[in-house]
Every structure is written in structure tokens, then in C-alpha cells.
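Participant:
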Amino acid sequence: MRKGIVMIIAIIVLMLILIAGSLALFLTSKSIYVTGAQQRMYTAFQAAEGGIERGMQIVDTNFREGNVVIPPEDIVISAYDVHITPQFLAVVTQAGAAIEFAVGYLGYGIAASKGGAYHLYSIFSDASRQFGAQSNIETVQKKVIGFE
């Protein structure tokens, strides 16, 4: 009778060890998959952020040249197709009191003679690829007139 109980206890212990090992293997493989997905997501975000940086360069160039209509641009960053859409939104003037206050406080670029108005641009960046994550970022850029 004792030998039978020892064998049953040994089988139960081996089953518990097998279950614990299987669970550890499952969790390890799952975390590797999650880490890979996070890496793809992070890479897509970085590509979209690079698109925003390129969009800011495009806006700067067009602002200096006086262009209001800015065509979209497609570039490739780290195998991600990045579609950049800079768009002119509006010319905004600052209120008179705000200009007077800002002259002494902020200095150059905020005076009635130079910088009393600014252009607002929207920059949209969409990074995607066929087998990977997708990320889009949108930002607004302000360019003060007369103060490049």
C-alpha cells in the first residue's frame, strides 16, 4: 500500500511541475510576442515623428518663399511609408494690448511693426507599412510674420 501512495504522490508532483513549466513557457512566448508588437509600434511612431520633422522643414521653406498652398509629400523612413500633409490654416493677428505687453516681455517677434500676426499650419504625418504597425501624428506650427 505504501508503494502505491508514493507513486501517486510522485505522479501528482510531476504533473504540477509539468503545469508550472507549461505556464512559464506560455508566458515567456506571450511576452516575446508583446515585446515585438511594442517594437513595431515604437518604430512606426518614430517614423511618424520623423514625418512631422520633415513637415516642419517643408512649412519653413514655404513660409520663407510666401507659398500658401503646400503639396503633400511621401517619404520612406525605416521601411515605413510616411505621408506628410502640411496645410495652411489661417493668418492670426494678436490683440493690441497683447502686442504692447509682449513687446517688453517677450522681445523680438512680438511687436506691432514686426510680428503682429502669425500663420498657423497643420502638419499631419501618417506612417504605415504592409506588415507592421501604423501611427499618425498631427501638430500645429505657428510662424510669426516678419520674424523668421
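What the sequence shown shows, in this note's numbering, is residues -14 to 133, in sequence order.
Heads up, the beta-carbon is just placed ideally off N, CA and C, and yes, glycines get one too.
Count the other CB atoms, across all protein chains shown, that sit within 10 Å of the CB of Gly6; report buried if there are 16 or more and exposed otherwise.
Facilitator: Taking the sequence shown and counting its residues from 1, one reaches residue 6 at position 21. Counting Cβ neighbours within 10 Å, Gly6 comes out exposed, since fewer than 16 surround it.
Participant: Suppose you measure from the CA of Phe109 to the CA of Phe11; what does that come to, to the nearest Å?
Facilitator: Sequence index remark: in the sequence shown, residue 109 carries index 124 (1-based). Sequence index remark: in the sequence shown, residue 11 carries index 26 (1-based). Roughly 40 Å separates the two Cα atoms.
Participant: Beta-carbon separation of His104 and Val125 under 8 Å?
Facilitator: As a working mapping, residue 104 is identified with position 119 in the sequence shown. As a working mapping, residue 125 is identified with position 140 in the sequence shown. Taking 8 Å as the Cβ cut-off, His104 and Val125 do not qualify as a contacting pair.
Participant: How long is the line joining the alpha carbons of Gly127 and Asp59, rounded to whole angstroms?
Facilitator: Numbered from its first residue, the sequence shown carries residue 127 at position 142. Numbered from its first residue, the sequence shown carries residue 59 at position 74. Checking the sequence, you will find Lys at residue 127 rather than Gly. If I take the Cα positions, the gap works out to 23 Å.
Participant: Rounded to a whole number of angstroms, what is the C-alpha to C-alpha distance between Ala22 and Ile(-6)?
Facilitator: What you label residue 22 is simply residue 37 of the sequence shown in a count that begins at 1. What you label residue -6 is simply residue 9 of the sequence shown in a count that begins at 1. Between Ala22 and Ile(-6), the C-alpha separation is close to 42 Å.
Participant: So, Ser120 versus Ala64, is the Cβ gap smaller than 8 Å?
Facilitator: In the sequence shown, residue 120 corresponds to position 135, counting from 1. In the sequence shown, residue 64 corresponds to position 79, counting from 1. For Ser120 and Ala64, no; Cβs fall outside 8 Å.
Participant: Among residues of its own chain, excluding the 5 on either side of Glu123, which ones have a beta-carbon nearer than 8 Å to its beta-carbon?
Facilitator: Translated into the one-based positions of the sequence shown, residue 123 becomes position 138. So the list reads Ser107, Ile108, Phe109 and Ser110, once near-sequence residues are dropped.
Participant: List the endpoints of the continuous beta strand (DSSP E) containing Gln72.
Facilitator: Stepping through the sequence shown from its first residue, residue 72 is reached at position 87. Counting along the chain, the beta strand (DSSP E) containing Gln72 begins and ends at Tyr65 to Thr78.
Participant: If Arg39 sits next to Ile69, beta carbons under 8 Å apart, how far is it from one beta carbon to the other, in whole angstroms?
Facilitator: One-based indexing of the sequence shown puts residue 39 at position 54. One-based indexing of the sequence shown puts residue 69 at position 84. Arg39 to Ile69, Cβ: 6 Å. Contact.
Participant: Please state whether DSSP places Ala82 in a helix, a strand or coil.
Facilitator: Residue numbering aside, residue 82 sits at position 97 when the sequence shown is read from its first letter. Because the pLDDT at Ala82 is just 46, under 50, the model does not fix this residue reliably, and the value given afterwards should be weighed accordingly. Of the three classes helix, strand and coil, the one that applies to Ala82 here is helix, per DSSP.
Participant: So if DSSP puts Tyr103 in a beta bridge, which residue, or which two residues, is it bridged to?
Facilitator: Position 118 of the sequence shown, counted from the first residue, corresponds to residue 103. Per DSSP, Val77 and Val129.
Participant: According to DSSP, simplified to helix, strand and coil, what is Asn47?
Facilitator: Counted from its first residue, the sequence shown places residue 47 at position 62. Three-state result, Asn47: helix.
Participant: Kindly identify the DSSP beta-bridge partner or partners of Val(-2).
Facilitator: In the sequence shown, residue -2 corresponds to position 13, counting from 1. None, per the DSSP bridge assignment.
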